[in-house]
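Here is the structure we will look at, set down as structure tokens.
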Amino acid sequence: MADNRKRAPRGGKQTASGSRPIRRNDRAAAPKGQRDRAQAARPQRDRNHDAVQVPKGEFIEGRRAAAEALRTGFPIKCALIAEGGERDAALSRLVDDLNATGVRIKYVPRAQLDALSSHGAHQGIALEVGNFPYADVADILDRAGEGPALVVVLDHVTDDGNFGAIVRSAEVVGAAGVIIANKRAAAVTVGSYKTSAGAVMHLPIAQVPNIARALDDLKAAGFWVGGASEHAEGSCWDAPFEGRVALVMGSEGDGISRLVLEKCDFLTKLPQRGMTESLNVAQATTALCFEWLRRNVGELMGEE
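Sequential numbering from 31 applies to the sequence shown in our numbering.
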């Protein structure tokens with residue numbers, strides 16, 4: 031059955047008289063002044079309304095990490111607190127502690143903290159931190175005292191994750207400090223703060239221009255310098271780890287450099303039975319640090 035209904039032209043609805051449809055452009059335009067007033071009265075959408083401003087800088091996030099940074103004296107520039115955080119009792123107490131030390135507090139939208147968070151666990155707080163307060167080799171020697179002591183020396187280790195893990199292991203076994211190069215090497219950053227579980231704030235870390243010269247200072251203070259090398263003839267079980275030891279660990283790719291190798295009093299390596307070539311530098315350092323602790327734990331406990 032044929033459909034005799036009249037179809038409206040595609041351009042729009044048909045007028046009652048059957049003439050062509052009225053299009054928007056055919057309507058009489060309002061005077062310019064009237065249009066301007068109407069536009070001014072209409073709410074304007076901020077082009078940046080949906081854009082979250084992410085502050086630049088390095089940040090420590092999370093309540094536990096923030097409290098630890100405050101307790102250990104990590105340099106803090108500013109604290110970013112999620113708006114409404116003052117209604118959270120635990121967060122409010124932390125803000126009070128920050129205020130008491132003169133840290134500037136800034137309340138920001140939670141979305142801003144979400145944007146700068148590296149793993150989405152800021153818990154309503156992020157601290158913008160300043161430059162890390164490096165120690166001197168002399169500070170490490172003061173901490174070492176006169177008895178058994180361990181100093182970990184990193185010959186241009188570049189990976190932040192490895193560096194943080196090494197500092198954590200060194201701190202756990204009670205090392206006197208860590209010495210690193212000031213160029214072409216990993217340094218203390220917010221990333222290493224995280225990977226070291228905050229250990230960078232509990233252990234003196236010296237940044238030096240010349241690793242070989244720093245080893246000379248350690249030798250003058252009675253340290254034996256031992257280098258970890260896969261080319262060593264003996265394993266760490268037989269190495270002279272008793273007493274004062276400076277443990278040198280080489281870079282991930284090249285190992286210990288020639289000049290630093292010449293400063294070593296002995297070389298050592300970890301024994302292995304498997305097919306894998308070796309452990310990474312962080313794992314190897316951890317194993318060697320604990321071997322030093324095993325050898326000296328009796329005398330160290332006696333000192334305490």
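Beta carbons are placed, not taken as given, at the ideal position from N, Cα and C, and that holds for glycine.
Mind checking which residues open and close the beta strand (DSSP E) that includes residue i?
{"i": "Lys224", "result": "Note, Lys224: premise wrong, no beta strand (DSSP E); alpha helix (DSSP H) at Val220 to Thr225."}
{"i": "Thr306", "result": "Unbroken run through Thr306: none, as it is neither H nor E."}
{"i": "Gln237", "result": "Ile235 to Val238"}
{"i": "Asp185", "result": "Ala179 to Asp185"}
{"i": "Arg211", "result": "Note that residue 211 corresponds to Ala in the displayed sequence, not to Arg. Residues Gly207 to Ala211."}
Based on the DSSP secondary-structure assignment, which residues constitute the bridge partners of residue i?
{"i": "Gly285", "result": "Ser281"}
{"i": "Ala108", "result": "Correcting the residue identity first, residue 108 is Cys in this sequence and not Ala. DSSP, once it has assigned bridges, lists Arg134 and Glu158 as partnering Cys108."}
{"i": "Thr298", "result": "Ala258"}
{"i": "Ser265", "result": "Lys299"}
{"i": "Val335", "result": "Given a span of 31 to 334 for the chain in the structure shown, any question on residue 335 remains unanswerable."}
{"i": "Ala229", "result": "Per DSSP, none; premise fails for Ala229."}
{"i": "Ala276", "result": "Val181 and Val255"}
Among the candidates the options, whose CA atom is the shortest distance from the CA of residue i?
{"i": "His186", "options": "Trp322, Phe296, Asp284 and Phe320", "result": "Asp284"}
{"i": "Val167", "options": "Arg134, Gln237, Asp118 and Ile90", "result": "Gln237"}
{"i": "Glu282", "options": "Asn326, Cys294 and Ala314", "result": "Ala314"}
{"i": "Gly207", "options": "Asn240, Pro270, Arg173 and Ala156", "result": "Arg173"}
{"i": "Ile209", "options": "Arg325, Asp169 and His149", "result": "Asp169"}
{"i": "Val311", "options": "Leu291, Phe296 and Leu277", "result": "Leu277"}
{"i": "Ala151", "options": "Val125, Ala95, Ala165 and Lys293", "result": "Ala95"}
{"i": "Leu330", "options": "Gly175, Lys293, Lys249 and Ser199", "result": "Gly175"}
{"i": "Leu248", "options": "Leu100, Glu158 and Arg274", "result": "Arg274"}
{"i": "Glu98", "options": "Leu124, Asp118 and Cys108", "result": "Leu124"}
{"i": "Glu260", "options": "Glu307, Pro270 and Arg303", "result": "Glu307"}
{"i": "Ala145", "options": "Leu289, Glu91 and Pro163", "result": "Glu91"}
{"i": "Ala130", "options": "Leu100, Arg117, Phe271 and Leu289", "result": "Leu100"}
{"i": "Ala205", "options": "Ala229, Arg214, Thr219 and Ala217", "result": "Ala229"}
{"i": "Pro163", "options": "Asp246, Ala119, Val218 and Pro270", "result": "Val218"}
{"i": "Arg303", "options": "Arg198, Ser199 and Ser265", "result": "Ser265"}
{"i": "Trp267", "options": "Leu318, Ala119 and Gly332", "result": "Leu318"}
{"i": "Glu292", "options": "Pro270, Asp246, Ala251 and Gly332", "result": "Asp246"}
{"i": "Ser287", "options": "Val133, Arg214, Pro270 and His149", "result": "Arg214"}
{"i": "Pro239", "options": "Ala119, Val290 and Gly332", "result": "Val290"}
Would you check if the distance between the CB atom of residue i and the CB atom of residue j is smaller than 8 Å?
{"i": "Val194", "j": "Ser147", "result": "Note that residue 194 is Gly in the sequence shown, not Val. Contact: no."}
{"i": "Met231", "j": "Thr102", "result": "yes"}
{"i": "Ala258", "j": "Thr298", "result": "yes"}
{"i": "Pro105", "j": "Asn161", "result": "yes"}
{"i": "Val203", "j": "Phe296", "result": "no"}
{"i": "Gly115", "j": "Gly177", "result": "no"}
{"i": "Asp190", "j": "Gly221", "result": "yes"}
{"i": "Val138", "j": "Leu121", "result": "no"}
{"i": "Leu309", "j": "Leu323", "result": "no"}
{"i": "Ala165", "j": "Ile241", "result": "no"}
{"i": "Gly328", "j": "Cys294", "result": "no"}
{"i": "Leu233", "j": "Glu201", "result": "yes"}
{"i": "Glu158", "j": "Lys107", "result": "yes"}
{"i": "Asn326", "j": "Glu272", "result": "yes"}
{"i": "Leu128", "j": "Ile135", "result": "yes"}
Report back the beta-carbon spacing between residue i and residue j to the nearest angstrom; my notes put them in contact at under 8 Å.
{"i": "Arg93", "j": "Glu113", "result": "Not quite, the Cβ-Cβ distance comes to about 16 Å (not below 8 Å), so this is no contact."}
{"i": "Val182", "j": "Met279", "result": "7 Å"}
{"i": "Phe89", "j": "Ala156", "result": "4 Å"}
{"i": "Ile196", "j": "Leu180", "result": "Not confirmed; about 12 Å, so no contact."}
Note the first and the last residue of the continuous alpha helix (DSSP H) segment covering residue i.
{"i": "Asp172", "result": "Val167 to Ala174"}
{"i": "Phe89", "result": "Premise fails: Phe89 lies in the beta strand (DSSP E), Phe89 to Glu91, not in any alpha helix (DSSP H)."}
{"i": "Phe193", "result": "Asp190 to Val203"}
{"i": "Asp247", "result": "Ile241 to Ala250"}
{"i": "Ala141", "result": "Arg140 to Leu146"}
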